[in-house]
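Counted from 1, the sequence shown has number 93 at position 93 by the working numbering; the numbering is strictly sequential. Every residue gets a Cβ at the ideal spot worked out from N, C-alpha and C, and that includes glycine. Since the model is a prediction, treat every value here as computed from it, not as a measurement. See below for the structure under consideration.
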Amino acid sequence: MYPYFRLLKVGASTFFRPPLALGEVSEIKMRVWLGDLDFYPELNNGRHLALMDMGRLDFAARSGFLRTATQKKWTLAVAGISVRYRRRLLPLRSFILKTELIGYDERWFYFHQRTEREGKVCSSALVRVALTSKKGLVPVEEALQATDASDWQPILPDWVQAWIEAEKVRPVI
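Pasting the structure below:
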């Protein structure tokens, strides 16, 4: 079951946390609850992704993207993700979820997200996100202008560029 109560908690907490500029990192302290476990027992790989949804929600709300998207009736949609799992997150242990918007291209925004415990990365993900409207994808430039962020122009890291190129040749089966 999707962790709706956590989603509400994260959503409500955005009103009490400082705003974020694009390029800054959102950090949320979380804990592995019993409902998050798989049969090993550790944080389930699917739950990693659900919790990362909340990190992007926190970032979008605190950076102003969510307000603009709501006003314009846009939605955020994940269009691709690559995840690495490195260390187990065990029951009842706390960890930090970090979310950073690292750049964009003509169509997509790219987030880097990671879970950390005691300064060590447990999982990390590169997430490709689009803003969508009833007409389809919202051009990135339009979204940046609507949020008064058209001057934010980071250079995508080489590893992100390599992933983008790999995705272009990957067959859709």
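Whether residue i touches residue j by CB criterion (8 Å)
i, j, result
"residue 82", "residue 125", "yes"
"residue 25", "residue 115", "no"
"residue 28", "residue 97", "yes"
"residue 149", "residue 79", "no"
"residue 74", "residue 132", "yes"
"residue 57", "residue 10", "yes"
"residue 152", "residue 23", "yes"
"residue 86", "residue 121", "yes"
"residue 42", "residue 76", "no"
Beta-ladder partner(s) of residue i, from DSSP
i, result
"residue 113", "99 and 125"
"residue 78", "129"
Neighbour-count burial assignment, residue i, 16 or more Cβ in a 10 Å radius
i, result
"residue 113", "buried"
"residue 110", "buried"
"residue 123", "buried"
"residue 136", "exposed"
Through-space distance from residue j to residue i, alpha-carbon basis
i, j, result
"residue 162", "residue 156", "10 Å"
"residue 67", "residue 134", "18 Å"
"residue 145", "residue 103", "15 Å"
"residue 69", "residue 138", "10 Å"
"residue 60", "residue 39", "33 Å"
"residue 119", "residue 143", "34 Å"
C-beta neighbour in chain B for residue i, strict 8 Å
i, result
"residue 125", "This model lacks chain B altogether, as it is built from one protein chain only."
Segment contact flag, the segment 163-172 with the segment 20-40, C-beta cutoff 8 Å, min 3 pairs: no
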